[in-house]
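Notes for the one structure printed next.
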Amino acid sequence: MEVKGYKAFNNDKTNRYGIPFEEGKTYTVNEQVSFGNNGHGFHMCANLADVFRYFHYEDDEVCVAEVTGKGTIVKYDDEYYGYYDMYAVSSITIDRFLSRKEIIARMLKDQEFNNQKFLMTFNLTEQEKTRFLKKYRHNEYMLKWILYYQFDCKNLYSIPCEERAEQIRMVLNNGQDNNKRSS
Numbered sequence: 038m039e040v041k042g043y044k045a046f047n048n049d050k051t052n053r054y055g056i057p058f059e060e061g062k063t064y065t066v067n068e069q070v071s072f073g074n075n076g077h078g079f080h081m082c083a084n085l086a087d088v089f090r091y092f093h094y095e096d097d098e099v100c101v102a103e104v105t106g107k108g109t110i111v112k113y114d115d116e117y118y119g120y121y122d123m124y125a126v127s128s129i130t131i132d133r134f135l136s137r138k139e140i141i142a143r144m145l146k147d148q149e150f151n152n153q154k155f156l157m158t159f160n161l162t163e164q165e166k167t168r169f170l171k172k173y174r175h176n177e178y179m180l181k182w183i184l185y186y187q188f189d190c191k192n193l194y195s196i197p198c199e200e201r202a203e204q205i206r207m208v209l210n211n212g213q214d215n216n217k218r219s220s
């Protein structure tokens, strides 16, 4: 049995313990595999958006690889927070590292629920924010999500609906710089 998915690394392609990983190589552990901070094995997620729960993507500080897990596979679902299909595996192959451009393109094609998780943990550039705003221009719920997490409009839910709609229009029309009411 094998699982395909994603794994995040530090920008120098090391894991959180400083161990380097290379594209095309397979790594194996001999300990009993278990999921969690004190677990053993290689952690990976089936959904791209979920890897950023563990590694926040800020200014190229993280790289992400497509991976294949084999051997002993332990599955973990965190239904409370909506994270599913996370794994710890005894053997992992680094199939290839993804560019930031590929990550954004894949997320723009992904479903709304995964984009919500992604937008909470990934710092988009201004150009990337514009692409997400355009994708969700007719989805007020997702527009609010983008404004709250990507434009730091933390007062968004405490202002009247008319002002909220105006804030959304201002950002869509003019970008973040003209969104002066954010706090």
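Numbering (this note's numbering), first residue to last: 38 to 220. Every residue gets a Cβ at the ideal spot worked out from N, C-alpha and C, and that includes glycine. Everything numeric in this text was worked out from a predicted model, so none of it was measured.
Residue i, DSSP secondary structure in three states
| i | result |
| --- | --- |
| N47 | strand |
| A125 | strand |
| Y185 | helix |
| F79 | strand |
| E163 | helix |
| E203 | helix |
| V88 | helix |
| R133 | strand |
Residue j beta carbon less than 9 Å from that of residue i
| i | j | result |
| --- | --- | --- |
| D87 | Y43 | yes |
| N48 | V99 | yes |
| G55 | A125 | no |
| T158 | R90 | yes |
| G106 | F79 | yes |
| S128 | Y185 | no |
Distance between beta carbons of residue j and residue i, contact taken as under 8 Å
| i | j | result |
| --- | --- | --- |
| F188 | A102 | Their Cβ separation, rounded to whole angstroms, is 30 Å, which puts F188 and A102 out of contact at 8 Å. |
| E203 | I131 | That belief does not hold up - the Cβ atoms of E203 and I131 are roughly 47 Å apart, past 8 Å. |
| R174 | L145 | Between L145 and R174 the Cβ distance is about 13 Å, and since that is not below 8 Å, they are no contact. |
Residue i, enclosing beta strand (DSSP E) - first and last residue
| i | result |
| --- | --- |
| K112 | 99-115 |
| Y64 | 63-65 |
Candidates the options, of which the one nearest residue i by Cα
| i | options | result |
| --- | --- | --- |
| M179 | T65, E98, N152 | N152 |
| E12 | M123, K154, E165 | One cannot answer for residue 12 here, as it falls past the ends of the chain, which runs 38 to 220. |
| Q69 | E177, T109, S195, R174 | T109 |
| A83 | K181, D147, T167 | D147 |
| E149 | T162, L170, S136 | L170 |
| L85 | S136, S71, W182 | S136 |
Range of the contiguous alpha helix (DSSP H) that encloses residue i
| i | result |
| --- | --- |
| T158 | 149-158 |
| L193 | No alpha helix (DSSP H) contains L193, which DSSP labels as neither H nor E. |
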